[in-house]
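Reminder that position 220 of the sequence shown reads as 248 in my numbering, one-by-one numbering, no gaps. Right, one structure below, let's go through it.
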Amino acid sequence: MSDNSLLHNFPQWEKLLGKLEDDPFSDIFWNELIMHHEKLANEHADLLRSRKELRLLMYSDFDRLLTKYPYYAKYWTRYTKIVKLLEGVLPSIEILKRATVVFPHSLELWVDYLVNLLTNRVKSDDEIQKLLEHAEDKVGFHFLAHDFWDIYLKWAKSRFGQNSIEYVKVLTKVIKIPLHQYAKYNEEFQKLSQYFAVLDLVSKEELILYIEGKKTKDVISNYDDYIEMNSQDLVKDYFGDLLKEVQIRSQEKWKFESIVRTSFTLSMVTNEELVNWNKYLDYEEAYHSKMPNSNEKELISLYERALIPTCLTSDIWIRYNRYLIQNNGQRNHIIANFNKACDHFVPLDSKDIRYMYIRYMELKEKNIESCKSIYVSTIEKLLNDSELIDHYLEFLINHESKENQRTLIDDLIKCAHLFNKEYGSDNHLDKKRKPTHNSAKNNLEINSPEIRHLKGLINFWTAGQLIVNACKYMWFVDKDIRRTRDTFMSFLNTEAVKSSKPYWFMAFKFELSQRNKKNLTHIIQQVRSYSTLSISAINLLLTEYTAFMLKNLSASELKQFDRDLYKNIIETDFQSSTHMKTYLKTRLAGGSDSEIIDKRLLRENGHPAATSEGRPQIINSILLTEVTKSENDPYPLPRFRNVEKAGLNVKHIHESL
């Protein structure tokens, strides 16, 4: 039976699934769905027990949520309760086991799991001990881990006895950790420690370091005799100093614990919350750097906790992995962190963590193929991102020999030609220019397998990036100005660059650096009339172009270009109305001739929907070149033509107006 037919009798369930289909990141909708399932399980438990397919459909909603967001501890707990209600204790324990595997640093889930195991006695003592030691490694250093340690100590007391060395060893581990409730564990330790020798509680090596650190005046010739004679005093001194250190650390950590967010939600953390976590991590790192004998697991535990509320942003992932790399962290741990961040948590548009992953694989692992694979998989998910293409191409070029680099550059040009051939006219070479090297249309075979694969991924937003990277190589590496210019100009009127911001900006910067006014003007004419860039991007180029021309044109050239410069100024003025912007209207009209647009503008009478036979026009305009000259005589009054037609009735384009 299909899911749709099963849900036919549950319209509210179906409605909530529809909402989540439209907005899968809504915390509110997910909570409503889980509340619906809880209500359904409580009110119709018998129906769900008898209908396995319906029960599995309910579980699949939990699985979908928790597979995508495994750090949702509260929903793991609610999932467990429903399974326990419908199927019993053992299946619910299996859910908790799954939870601790995919979310091993959740204190709440470990406590629930251990309580259920101990209450229902489903594992042997040896298995429980291994689980407790594993949980200690994952959550035992949490500031609020007293619930876990209470479970551990209670189990150790029942198995070994309160006065046993095994129980006291567990207690000794606890009192070294700056926990929120450190005092109660220290109090119990003080009661029991008097029954044990100091070497039962502290290793000999650690004790000798402590004695040497105290810098006693007496020279100790035999540490064994000294320790045996002063056993109780050493217990008192050693653990007294330890308590003071833990007390100070606990108080300092509370300042941060009281303000940081610790639970996962679908809402992104605020800047303030990120700042709080970074300050906390700064404090912890500073402490461990000046205390070489401190337990690094405390810092690792704090990093893992910091990731829970911040995992959807790249900041803490980057910081954590940087720390592990700089401090010789385990390779598997580092790569697992990168994979979790890139594949599971951090949104695709946060590329910093992915670039860091690639850099790690390149420099540390020397695994170039993995780097390529990461690049390609990311490009496949972000098909419109030119920056990714740029980074990938730079990476490919840098890892080729000099000879192969030039072959790769030729492949980029060929790929751009093939794109034009497939999606637009390839008859775009300037007839006044010779074709660029190796770009003749009868030789478009691409040699590089990476570029062949990339050809299937580029589109109108990214194709121009191929030309940009090729031209950057010709310009900066080969120092071939002519070939760079010929390559840029040969693609000026093509589909490959119409929507490419990197192409237009790079071509403009190149000609600007060469101070080539003619080519700059040619580029700007194409940009403002035919490109599909954003208005802000076009206006930025127009502003730069106008400023350059005003500074570098001679008086005679200024007369020639003054009308063009006026239009640019009006085009970029945010206060000018739409009907005054010639080039914007040209682009909106699908690339019509600018002269046609000019005539239309002349006929418009202050409104794009109304025209007149002829509006009055000034016939003695003052040129920009004349304005810049210093003259004492006043300028003449304006003279007009078509004044007699100014009173004619306005003709509306839409007669209904």
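Cβ atoms here follow ideal geometry from the backbone N, Cα and C, with glycine treated the same way.
Closer than 7 angstroms: residue i CB and nearest the ligand ADP heavy atom
{"i": "D377", "result": "The ligand content of the structure shown is nil, which means the ligand ADP is not present either."}
Spatial neighbours of residue i in its chain, beta-carbon cut-off 7 angstroms, leaving aside the 5 residues before and after
{"i": "I110", "result": "H65, E66, A69"}
{"i": "Y238", "result": "Y266"}
{"i": "N475", "result": "T435, D439"}
Contacting residues, own chain, Cβ-Cβ under 6 angstroms from residue i (five flanking each side not counted)
{"i": "L472", "result": "K442, H445, L446"}
{"i": "M534", "result": "V496"}
{"i": "K460", "result": "Because the pLDDT of K460 is 43, which lies under 50, any placement of that residue in the model is unreliable, and the question is left without a value."}
{"i": "A674", "result": "P644"}
{"i": "L593", "result": "T574"}
{"i": "H36", "result": "none"}
Per-residue DSSP class, three states only, for residue i
{"i": "F224", "result": "coil"}
{"i": "I646", "result": "strand"}
{"i": "F373", "result": "helix"}
{"i": "R289", "result": "coil"}
{"i": "F589", "result": "helix"}
{"i": "F188", "result": "helix"}
{"i": "R543", "result": "coil"}
{"i": "G116", "result": "coil"}
{"i": "T200", "result": "helix"}
{"i": "S152", "result": "coil"}
{"i": "P320", "result": "coil"}
{"i": "I407", "result": "helix"}
{"i": "F131", "result": "coil"}
{"i": "P664", "result": "coil"}
{"i": "K379", "result": "coil"}
{"i": "L207", "result": "coil"}
{"i": "S401", "result": "helix"}
{"i": "H36", "result": "coil"}
{"i": "N250", "result": "coil"}
{"i": "S584", "result": "helix"}
{"i": "K609", "result": "coil"}
{"i": "T464", "result": "Low confidence applies here, because T464 scores a pLDDT of 47, under 50, leaving its location unreliable; read the following figure in that light. Reduced to three states, the DSSP call for T464 is coil."}
{"i": "D310", "result": "helix"}
{"i": "K242", "result": "coil"}
{"i": "D601", "result": "coil"}
Proximal residues to residue i (C-beta, below 8 angstroms), its chain only, five neighbours per side dropped
{"i": "D380", "result": "S342, I346"}
{"i": "E431", "result": "none"}
{"i": "Q358", "result": "L352"}
Span of the alpha helix (DSSP H) around residue i
{"i": "Q260", "result": "259-285"}
{"i": "P337", "result": "324-338"}
{"i": "A364", "result": "359-368"}
{"i": "K449", "result": "430-451"}
{"i": "D140", "result": "135-148"}
{"i": "T574", "result": "563-580"}
{"i": "G168", "result": "Here G168 belongs to no alpha helix (DSSP H), and DSSP marks it neither H nor E."}
{"i": "V671", "result": "No alpha helix (DSSP H) contains V671, which DSSP labels as neither H nor E."}
{"i": "L352", "result": "343-354"}
{"i": "E473", "result": "No alpha helix (DSSP H) contains E473, which DSSP labels as neither H nor E."}
{"i": "T560", "result": "Per DSSP, T560 belongs to no alpha helix (DSSP H) and is neither H nor E."}
{"i": "T738", "result": "The shown model of the chain, from 29 to 685, leaves out residue 738, and the question about it has no answer."}
{"i": "V230", "result": "Per DSSP, V230 belongs to no alpha helix (DSSP H) and is neither H nor E."}
{"i": "E393", "result": "No alpha helix (DSSP H) contains E393, which DSSP labels as neither H nor E."}
{"i": "N677", "result": "Note, N677: premise wrong, no alpha helix (DSSP H); not H, not E."}
{"i": "S414", "result": "414-426"}
If we require 4 or more residues per run, which alpha helix (DSSP H) segments fall completely within the segment 482-541?
For the segment 482-541, whole alpha helix (DSSP H) runs of length 4 or above, ordered along the chain, are 491-500, 509-518.
Between the segment 414-434 and the segment 487-501, do at least 3 Cβ pairs fall closer than 8 angstroms?
Three or more pairs of CB atoms, one per stretch, sit closer than 8 angstroms, so the segment 414-434 contacts the segment 487-501.
Do the segment 184-192 and the segment 334-346 meet, that is, are 3 or more Cβ pairs less than 8 angstroms apart?
Because the criterion of three Cβ pairs below 8 angstroms is not met, the segment 184-192 and the segment 334-346 do not touch.
For the 8 angstroms Cβ check, are there 3 or more pairs between the segment 383-390 and the segment 498-517?
Segments in contact, no.
Three CB pairs or more closer than 8 angstroms across the segment 224-234 and the segment 271-291
Fewer than three beta-carbon pairs drawn from the segment 224-234 and the segment 271-291 are found closer than 8 angstroms, and the two stretches are therefore not classed as touching.
Suppose only complete runs of 3+ residues qualify. What are the beta strand (DSSP E) ranges in the segment 50-110, listed by chain order?
Counting only runs of 3 or more, we get nothing.
Taking one C-beta from the segment 324-336 and one from the segment 126-139 each time, how about it: are there three or more such pairs within less than 8 angstroms?
With a cut-off of 8 angstroms, the segment 126-139 and the segment 324-336 count as touching, because enough Cβ pairs lie within range.
Does the segment 298-316 come within contact of the segment 273-287, defined as at least 3 CB pairs closer than 8 angstroms?
Touching, yes, given that three or more Cβ pairs across the two stretches are closer than 8 angstroms.
At a cut of 8 angstroms, does the segment 137-154 reach the segment 368-375 through at least three beta carbon pairs?
In this structure the segment 137-154 does not lie against the segment 368-375, because fewer than three pairs of beta carbons, one per stretch, are closer than 8 angstroms.
Between the segment 167-177 and the segment 203-211, do three or more beta carbon pairs fall short of 8 angstroms?
Put simply, the segment 167-177 touches the segment 203-211. At least three CB pairs are less than 8 angstroms apart.
Do the segment 569-576 and the segment 550-559 meet, that is, are 3 or more Cβ pairs less than 8 angstroms apart?
The way I'd put it, the segment 569-576 does touch the segment 550-559; three or more beta-carbon pairs between them come closer than 8 angstroms.
Evaluate the contact criterion for the segment 209-216 versus the segment 262-278: three or more CB pairs, one atom per stretch, below 8 angstroms.
The segment 209-216, when compared against the segment 262-278, does touch it at the 8 angstroms Cβ threshold.
Counting pairs of Cβ atoms below 8 angstroms between the segment 139-154 and the segment 103-123, do you hit three or more?
A contact exists between the segment 139-154 and the segment 103-123.
Touch test, the segment 507-526 against the segment 478-497, Cβ-Cβ under 8 angstroms, three pairs minimum
With the cut-off at 8 angstroms, the segment 507-526 and the segment 478-497 touch.
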